[in-house]
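Novice: Below: one structure in structure tokens.
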Amino acid sequence: MHQALYSAKSSVTIFGSARTVTCAVMDYSRRLCDAINAHRPGFAAVETIEPTRPVAFVGAIVEVLRRGSIVHFQLPIEGWGNSLLPGSALMAARAATRKGRIIITLHEWTSLNQLRYLSMIPDLLASDGFVFVSPKQRASFLGTPLVGRAKKQATRVIPIGPNILPSRIDPDRVAQERTKTRGIGAAQAEIVIGYFGVLYASKRPDMLLRVVRELQDRGIKARLLVCGDFLWDKPKDREAFFALASQLGVVEWLDFRGRIDAEDELMATLAAADVFLLPFTDGVSVRRGSFQAVSQLAIPLVSTVPEDQAEFDLSPSLKTKIGNPATVLCPVNASAETFADAIIAAIAHKEDAVGVSLTGLWDEAAIAHLDIYDTFKARGDVQRL
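Under my numbering, the letters of the sequence shown match residues 187 to 571, in that order.
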């Protein structure tokens, strides 16, 4: 499948995977494109190609570059699974033409596994500019020997906007979801712990279950509400999660909804939770779309201490959420007992919980990206179409 959502005169094309996945990076890419075009109609486009068509993928990049336009990559391209092609596609395209310019947004850097890091080296060498979504990620990138000093110093930090922006949350639907999730009789939950996002190692999916078990052992009937799923190319992770739930004896206390695409439905479901648990192994961060989504709800939150204390300086709204009394942050290596204590402490401050407005973030992101694109044009790096 090859799907182009652009005019032939688009100045910027954002590339990604056409495979239907749970990855938030493609959700982000489409949101970014819409935000940019809201300021300059037709300026940006999204082009998605199936991972089974690598030649078409490189060819599409070459086509955009030969027009003198900008190719904007969002790495990693999760929809391509373990394929190494996205890490060298830009280098292959650059070998075919010197026209146009290449920008890469690196959504991850400090937490990249070694294989993915190595696979991305050709693309890093081929890129003309870089964008980061987190100050911590950029700070780490400045130490890499793969990129020249001038390019590293020119890198920008542009916080992501929320992938989830519900127009309205129906209170009647929330009440229905709350009744459904809590259950009845002996299986009725006293606490509903909500989780939103893709599930993989750095999200500690096993810890979600262990915390439920810990609370149960304390005599607290806790249920885990999961709105999200595992990566499509990691089926064994999903199997291991449910096997652990069975082993811990918490299957009946697990409400696994999977990915919910309708935003209003998703937020109404999440709003049924009493507290959110996001046990990131690299600390809560502005780059986490799952954190942004739940921050819009006035519900207590438990997460992990950010790696950098200045992480939220560029996002006052999210900093407000982090500093709220109903938000409790634990060490990244916290035990189930520590997270359980934090959940109880956060719920004790539920009357203080706030939901923050993030509606302006996409405008800010669009303006910042347009400034980068205009900088290339001003230097004559990109031909006017």
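Each residue gets a CB set at the ideal place from its N, CA and C atoms; glycine is no exception.
All values derive from a computational prediction rather than experimental measurement.
(1) Indicate whether P348 and G475 have their beta-carbon atoms separated by less than 8 Å.
(2) Taking the CB atoms as reference points, tell me whether V491 and A528 lie closer together than 8 Å.
(3) May I ask which residues mark the beginning and end of the alpha helix (DSSP H) holding T398?
(4) Please report the Cβ distance between M453 and I377, rounded to the nearest whole angstrom; I am assuming they are in contact, meaning their Cβ atoms lie under 8 Å.
(5) Decide if the segment 358-371 is in contact with the segment 458-474; the criterion is three or more beta carbon pairs, one per stretch, under 8 Å apart.
(6) Along the chain, where does the alpha helix (DSSP H) containing A281 start, and where does it finish?
(7) Taking 8 Å as the cut-off, does the segment 507-514 touch the segment 434-453 (at least 3 CB pairs, one atom from each stretch)?
(8) Can you name, in chain order, every residue of its own chain whose Cβ lies under 6 Å from the Cβ of L218, other than the five neighbours on each side?
(9) Taking the CB atoms as reference points, tell me whether V480 and A210 lie closer together than 8 Å.
(10) Give a yes or no on whether the minimum CB-CB distance between A479 and chain D is below 8 Å.
(11) To the nearest angstrom, how far is it from the Cα of L401 to the Cα of S521?
(12) Checking 8 Å against the spacing of the C-beta atoms, do I256 and V198 come in under that value?
(13) Under 8 Å: do the segment 276-289 and the segment 243-261 share three or more Cβ pairs, one atom per stretch?
(14) Is F562 helix, strand or coil by DSSP?
(15) Kindly identify the DSSP beta-bridge partner or partners of A361.
(16) Can you tell me the Cβ-Cβ gap for I446 and C413, rounded? I've got them flagged as a contact below 8 Å.
(17) Among W548, A373, Q433, which one has its Cα closest to the Cα of A224?
(18) K322 and T296: beta carbons closer than 8 Å?
(19) Whole beta strand (DSSP E) runs in the segment 498-550 with 3 or more residues, listed along the chain?
(20) Q482 by DSSP, collapsed to three states: which one?
(21) Considering G245, what are the terminal residues of the alpha helix (DSSP H) in which it resides?
(22) Go to R412, then tell me how far its beta strand (DSSP E) extends in each direction, as first and last residue.
(23) Out of R399, Y559, F201, I344, point me to the one whose CA is closest to E236's CA.
(24) Please report the distance separating the alpha-carbon of M306 from that of E493.
(25) Output the distance between the C-alpha atoms of T238 and R205, rounded to the nearest integer angstrom.
(26) Taking just the CA atoms, how far does P486 sit from A539?
(27) Please classify S163 as buried or exposed, where buried requires at least 16 neighbouring CB atoms within 10 angstroms.
(28) Could you give the DSSP three-state label for I553: helix, strand or coil?
(29) For V248, which option in K285, F259, A231 has the closest C-alpha, if you only look at C-alpha atoms?
(30) Would A387 be called buried (16 or more neighbouring beta carbons within 10 Å of its own) or exposed?
(31) Looking at the structure shown, is H225 part of a helix, part of a strand, or coil, going by DSSP?
(32) Which two residues bound the contiguous alpha helix (DSSP H) that contains Y303?
(33) List the whole-angstrom C-beta distance separating V317 from I289, where the pair is believed to meet the contact cut-off of C-beta under 8 Å.
(34) How would you write the range of the alpha helix (DSSP H) that D423 sits in, first residue to last?
Specialist: In this structure, then:
(1) Working through the sequence shown from its first residue, we reach residue 348 at position 162. Working through the sequence shown from its first residue, we reach residue 475 at position 289. In contact: P348 and G475 (Cβ atoms closer than 8 Å).
(2) What you label residue 491 is simply residue 305 of the sequence shown in a count that begins at 1. What you label residue 528 is simply residue 342 of the sequence shown in a count that begins at 1. No. Outside cutoff.
(3) Sequence index remark: in the sequence shown, residue 398 carries index 212 (1-based). Residue identity check: residue 398 is Val in the sequence provided, not Thr. Unbroken alpha helix (DSSP H) run through V398: 391-403.
(4) In the sequence shown, residue 453 corresponds to position 267, counting from 1. In the sequence shown, residue 377 corresponds to position 191, counting from 1. Wrong, their Cβ atoms sit about 20 Å apart, outside the cutoff.
(5) yes
(6) Position 95 of the sequence shown, counted from the first residue, corresponds to residue 281. Element bounds for A281: 275-282.
(7) no
(8) Locating residue 218 in the sequence shown gives position 32, where the first residue counts as 1. Same-chain partners within the cutoff: there are none.
(9) Translated into the one-based positions of the sequence shown, residue 480 becomes position 294. Translated into the one-based positions of the sequence shown, residue 210 becomes position 24. No; because the gap between Cβ atoms is not below 8 Å, this pair is not in contact.
(10) In the displayed structure, chain D is absent; only one protein chain is listed.
(11) In the sequence shown, residue 401 corresponds to position 215, counting from 1. In the sequence shown, residue 521 corresponds to position 335, counting from 1. Rounded to the nearest angstrom, the two C-alpha atoms are 13 Å apart.
(12) In the sequence shown, counting from the first residue as 1, residue 256 sits at position 70. In the sequence shown, counting from the first residue as 1, residue 198 sits at position 12. Yes. Within cutoff.
(13) yes
(14) Taking the sequence shown and counting its residues from 1, one reaches residue 562 at position 376. The answer is helix: DSSP assigns F562 an H, G or I state.
(15) As a working note, residue 361 is residue 175 in the sequence shown. BP columns for A361 are empty, so no partner.
(16) In the sequence shown, the residue the question calls residue 446 occupies position 260. In the sequence shown, the residue the question calls residue 413 occupies position 227. Sure, about 6 Å apart at Cβ, within 8 Å.
(17) By 1-based counting over the sequence shown, the position of residue 224 is 38. Answer by Cα proximity: W548.
(18) What you label residue 322 is simply residue 136 of the sequence shown in a count that begins at 1. What you label residue 296 is simply residue 110 of the sequence shown in a count that begins at 1. A contact, by the Cβ cut-off of 8 Å.
(19) 513-516
(20) Numbered from 1 along the sequence shown, position 296 holds the residue referred to as residue 482. Three-state result, Q482: coil.
(21) Translated into positions along the sequence shown, residue 245 becomes position 59. Unbroken alpha helix (DSSP H) run through G245: 240-252.
(22) Taking the sequence shown and counting its residues from 1, one reaches residue 412 at position 226. Per the sequence shown, residue 412 should be read as Val rather than Arg. Element bounds for V412: 408-413.
(23) To locate residue 236, count along the sequence shown from 1; it is residue 50. Residue F201 is the option with its Cα nearest to E236.
(24) As a working note, residue 306 is residue 120 in the sequence shown. As a working note, residue 493 is residue 307 in the sequence shown. Distance between the alpha carbons of M306 and E493: 24 Å.
(25) Residue numbering aside, residue 238 sits at position 52 when the sequence shown is read from its first letter. Residue numbering aside, residue 205 sits at position 19 when the sequence shown is read from its first letter. Looking at the two C-alpha atoms, the distance is approximately 10 Å.
(26) For the purposes of this step, residue 539 is taken as the residue at position 353 of the sequence shown. For the purposes of this step, residue 486 is taken as the residue at position 300 of the sequence shown. Distance between the alpha carbons of A539 and P486: 6 Å.
(27) With the chain represented from 187 up to 571, any question about residue 163 goes unanswered, as that position is not in the structure.
(28) Taking the first residue of the sequence shown as position 1, residue 553 is located at position 367. It is helical.
(29) In the sequence shown, residue 248 corresponds to position 62, counting from 1. For V248, the nearest C-alpha among the options comes from K285.
(30) As a working note, residue 387 is residue 201 in the sequence shown. When all chains shown are included, A387 counts as exposed.
(31) For the purposes of this step, residue 225 is taken as the residue at position 39 of the sequence shown. If DSSP states are grouped into helix, strand and coil, H225 belongs with the helices.
(32) On the sequence shown, position 117 is the one that residue 303 refers to. Y303 -> alpha helix (DSSP H) spans 300-305.
(33) Numbered from 1 along the sequence shown, position 131 holds the residue referred to as residue 317. Numbered from 1 along the sequence shown, position 103 holds the residue referred to as residue 289. Yes, V317 and I289 are in contact; Cβ-Cβ is about 7 Å, under 8 Å.
(34) Position 237 of the sequence shown, counted from the start, is the residue given in the question as residue 423. Run containing D423: 421-434, per the alpha helix (DSSP H) assignment.
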